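Just so you know, the sequences run in chain order C and L. To convert, note that position 124 of the first sequence is 124 in full-length UniProt numbering; the numbers rise steadily by one, no gaps. To convert, note that position 166 of the second sequence is 166 in full-length UniProt numbering; the numbers rise steadily by one, no gaps.
There are 2 protein chains.
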Amino acid sequence: MTEIVLYGYWRSSASFRVRIALQMLGLAYETVPIDLLASAHKDPNYLRINPQGLVPSLRIDGHILTQSLAIIEYLAETRPENGFLPDTAAGRQRVRALSYAVAMDVHPICNLNVVSHVVHLTGEEGARTEWMIKFIGSGLQALEKMLDDPTSGRFCFGDTPTMADFCLVPQVYNARRWGIELSTFPRVARIADACNAMPAFKAAHPDAAKR
Amino acid sequence: MTEIVLYGYWRSSASFRVRIALQMLGLAYETVPIDLLASAHKDPNYLRINPQGLVPSLRIDGHILTQSLAIIEYLAETRPENGFLPDTAAGRQRVRALSYAVAMDVHPICNLNVVSHVVHLTGEEGARTEWMIKFIGSGLQALEKMLDDPTSGRFCFGDTPTMADFCLVPQVYNARRWGIELSTFPRVARIADACNAMPAFKAAHPDAAKR
């Protein structure tokens with residue numbers, strides 16, 4: 001049996017996504033914490049694992065994998081019947097589009113190093129919260145509109161969780177952290193609630209990963 | 001035969017990626033220009049096609065598809081034997097990771113609306129160039145390190161173009177536009193040159209799309 005090792009940070013959205021996928025699959029894994037606030041991601045030993053200096057990285061099946069969504073696609077392909085992606089090409093396209101609406105259009109813009117640079121440029125610590133509210137808010141608003149679609153159900157796509165939900169939940173966690181009012185995004189909020197009621201999502205939560 | 005329609009903007013990296021894929025497949029398509037500078041992406045008619053108000057969108061096979069990489073994955077699945085993604089799960093994981101190193105970790109941070117907001121916050125037009133140089137530069141540096149890998153060849157993965165190259169080339173086009181010196185990224189520059197010599201990449205280039 002291969003030992004699975006997740007290099008991640010408890011509060012990182014990208015790490016959170018991969019934890020959800022691993023928990024959904026019921027895979028046991030060891031965690032190696034990479035403390036972003038202590039710059040552990042810039043340590044030469046970690047850069048040999050992840051040349052980008054990002055979290056997460058996953059050691060599995062004799063590979064070291066990087067990039068959360070590329071990891072989830074790998075898990076979806078190598079552990080089939082998991083439903084992370086739908087059965088049809090159009091369905092998969094839709095789930096990927098919803099995933100990227102978060103993972104490309106919101107999350108990178110609100111990443112620690114980007115927002116810290118904005119604070120540096122403006123010289124105002126308050127710029128951090130304003131930035132988060134603006135870009136998470138507009139991103140979730142766009143996602144809310146995308147979810148007004150017949151393919152949406154109890155979850156982002158149909159009635160079982162997919163990769164899109166693995167992206168939505170960490171983003172909603174972040175939105176709440178920055179005090180963003182979710183009542184204006186009822187579909188997003190409802191799907192997050194449905195996910196958060198599931199044991200796999202609970203086990204993957206930052207509060208559980210922090211311990 | 002289904003008519004294929006690409007809604008895009010000549011200078012948009014995401015539109016450029018999809019043009020490369022369509023050209024690589026030899027698919028004929030009609031272009032509907034969405035002029036971002038004239039806010040055509042915020043027109044209610046376009047928002048019905050793309051609720052996020054982003055380019056590109058692709059009308060194909062009776063679907064309207066959004067999100068450039070989700071479109072490319074769809075084309076890869078429905079027009080097989082194209083080599084956009086490798087034959088193995090580990091290979092596909094690698095190509096996706098390289099793609100996301102550009103499409104998630106560089107491109108969104110340098111998007112028009114983000115950088116315009118930085119200019120607004122700082123009140124300095126010069127902040128635009130500084131931002132581009134910083135984030136494109138550090139992103140290409142990370143990509144350069146990732147490409148120091150036995151799976152890299154004439155192209156990002158092996159000796160035929162994949163989705164990763166469709167992401168790399170528009171980012172290099174942008175880097176040059178902002179005056180970023182590519183000699184410090186020799187692998188990136190070499191791969192971009194190999195791509196740019198191919199007819200499909202030439203046909204997809206912004207200068208060709210602008211006409």
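Every residue, glycine too, gets a C-beta built ideally from N, C-alpha and C. Note that this is a predicted model, so its numbers are computed, not measured.
Euclidean distance between Cα positions of residue i and residue j
i: C:Thr-160; j: C:Arg-154; result: 7 angstroms
i: L:Pro-199; j: L:Tyr-100; result: 25 angstroms
i: L:Lys-145; j: L:Cys-156; result: 12 angstroms
i: C:Asp-105; j: C:Pro-80; result: 28 angstroms
i: C:Leu-25; j: C:Gly-83; result: 10 angstroms
i: L:Thr-78; j: L:Arg-48; result: 25 angstroms
i: L:Lys-134; j: L:Val-5; result: 35 angstroms
i: C:Ser-39; j: C:Ser-68; result: 19 angstroms
i: L:Ala-209; j: C:Ala-208; result: 50 angstroms
i: C:Pro-43; j: L:Ile-72; result: Reading off the sequence, residue 43 of chain C comes out as Asp, not Pro. Going by the C-alpha atoms only, they are around 35 angstroms apart.
i: C:Ser-15; j: L:Cys-195; result: 33 angstroms
i: C:Cys-110; j: L:Ser-183; result: 30 angstroms
i: L:Asn-45; j: L:Ile-60; result: 18 angstroms
i: C:Thr-122; j: C:Phe-201; result: 37 angstroms
i: C:Gly-126; j: C:Ser-13; result: 22 angstroms
i: L:Asp-87; j: L:Ala-76; result: 12 angstroms
i: C:Gly-91; j: C:Glu-124; result: 44 angstroms
i: L:Ile-34; j: L:Asn-113; result: 15 angstroms
i: C:Val-118; j: L:Leu-140; result: 20 angstroms
i: C:Tyr-173; j: C:Glu-3; result: 29 angstroms
i: L:Glu-130; j: L:Ala-189; result: 21 angstroms
i: C:Asp-193; j: L:Met-132; result: 38 angstroms
i: L:Trp-178; j: C:Leu-147; result: 36 angstroms
i: C:Gly-158; j: L:Ala-197; result: 44 angstroms
i: C:Leu-27; j: L:Leu-27; result: 42 angstroms
Proximity test, Cβ basis, 8 angstroms: residue i and chain L
i: C:Tyr-9; result: no
i: C:Tyr-74; result: yes
i: C:Thr-162; result: no
i: C:Met-24; result: no
i: C:Pro-199; result: no
i: C:Arg-96; result: yes
i: C:Val-118; result: yes
i: C:Lys-145; result: yes
i: C:Pro-186; result: no
i: C:Pro-51; result: yes
i: C:Val-114; result: yes
i: C:Ala-90; result: yes
i: C:Ala-127; result: yes
Below-8 angstroms beta-carbon distance, residue i vs any chain C residue
i: L:Gln-93; result: yes
i: L:Met-104; result: yes
i: L:Thr-122; result: yes
i: L:Phe-70; result: In the sequence as displayed, the identity of residue 70 of chain L is Ala instead of Phe. Taking Cβ atoms only, chain C reaches closer than 8 angstroms to L:Ala-70, which makes this a yes.
i: L:Thr-78; result: yes
i: L:Gln-67; result: yes
i: L:His-205; result: no
i: L:Tyr-46; result: no
i: L:Lys-210; result: no
i: L:Ser-171; result: The sequence shown places Gln at residue 171 of chain L, rather than the Ser named in the question. L:Gln-171 does not count as touching chain C.
i: L:Tyr-29; result: no
i: L:Ala-192; result: no
i: L:Pro-108; result: yes
i: L:Ala-142; result: yes
i: L:Ala-189; result: no
Cβ pair residue i, residue j closer than 8 angstroms
i: L:Leu-54; j: L:His-63; result: no
i: C:Ala-89; j: L:Tyr-74; result: yes
i: C:Ile-180; j: C:Ile-136; result: yes
i: C:Val-102; j: C:Leu-168; result: yes
i: L:Pro-51; j: C:Ala-142; result: yes
i: C:Pro-56; j: C:Val-18; result: yes
i: C:Arg-11; j: C:Pro-206; result: yes
i: L:Leu-58; j: L:Ala-164; result: no
i: C:Ser-138; j: C:Arg-187; result: no
i: L:Tyr-7; j: L:Val-32; result: yes
Assumed close pair residue i, residue j - CB separation to whole angstroms, cut-off 8 angstroms
i: L:Thr-162; j: L:Leu-65; result: Between L:Leu-65 and L:Thr-162 the Cβ distance is about 20 angstroms, and since that is not below 8 angstroms, they are no contact.
i: C:Ala-203; j: C:Gln-93; result: About 30 angstroms separates the two Cβ atoms, so there is no contact after all.
i: L:Phe-166; j: L:Ile-20; result: 5 angstroms
i: L:His-107; j: L:Gln-171; result: 7 angstroms
i: L:Arg-96; j: C:Ala-70; result: 4 angstroms
Any non-hydrogen atom of the ligand SAH within 7 angstroms of residue i CB
i: L:Arg-177; result: Among the components of this structure there are no ligands whatsoever, and the ligand SAH is therefore not found.
Under 7 angstroms from the C-beta of residue i: neighbouring residues of chain D
i: L:His-41; result: Note that chain D does not occur in the displayed structure, where the protein chains are C and L.
task = For the UniProt domain "GST N-terminal" (2 to 83) of chain C, list the alpha helix (DSSP H) runs that are entirely contained and at least 4 residues long, ordered along the chain.
result = 13 to 25, 44 to 49 and 68 to 78
ask   = Can you give, in chain order, each stretch of the alpha helix (DSSP H) that sits fully within the UniProt domain "GST C-terminal" (88 to 211) of chain L and has at least 4 residues?
value = 89 to 103, 112 to 122, 126 to 146, 163 to 177, 186 to 196, 199 to 204 and 206 to 210
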